[in-house]
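Here the structure comes first, spelled out in structure tokens, and everything after it is commentary.
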Amino acid sequence: DYSAMAVVGDAIKFYETVLGGDLARRCNNELVLKAGRYLSQVWETTLGTSEDMATTMVMVGLPTCLGWDWESSEALKWRLFDEFRIVVQYPYPTEGQLWLRLSAGVYNYMEEFEILGKVICDIVDELEA
């Protein structure tokens, strides 16, 4: 289905004119950096993306008790969806832990990332109990 490619030009025009392209990019960048800093602090981990390289996406480390391989990645992804209706990409396993890719769009709010932070903390507390 090539319909998505057929409207790319119109989608870019909409983004630039209606959403104010530069403003939208700046707001998305600020939100994803704020969310990444917040989550890495709450989870006591680090950002895996240098802030000067971030656009609308950053990587943030997940607590190590959540696993470090593709099996634990898949389990966490589906648990977040099944129990909490939170959609994430597969956390990427490397360097002995899982890394979560955060992205921000004009439709996202900081509160959504705060909910994710709390849910992960609750899962960690459950695993460490």
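In the numbering used here, the protein residues as written are -6 to 122. Built from N, CA and C at the ideal position, the CB exists for glycine as well. This one's a predicted model, so the numbers in the text were calculated from it and none came from an experiment.
Evaluate contact between the region 23 to 30 and the region 89 to 103, counting only Cβ atoms and requiring at least three cross-stretch pairs below 8 Å. yes
If you draw a straight line from the C-alpha of residue 86 to the C-alpha of residue 58, how long is it? 13 Å
Taking 9 Å as the threshold (C-beta atoms), are residue 51 and residue 38 in contact? no
Check whether the Cβ atoms of residue 82 and residue 55 lie closer than 9 Å to each other. no
Terminal residues of the alpha helix (DSSP H) in which residue 93 lies: Segment 90 to 96 is the beta strand (DSSP E) holding residue 93; no alpha helix (DSSP H) there.
Between residue 9 and the rest of its own chain, which residues show a CB-CB distance below 7 Å, the 5 nearest in sequence each way excluded? Cβ contact annotation for residue 9 (same chain, cutoff 7 Å, sequence separation greater than five): none.
Does DSSP classify residue 41 as helix, strand or coil? coil
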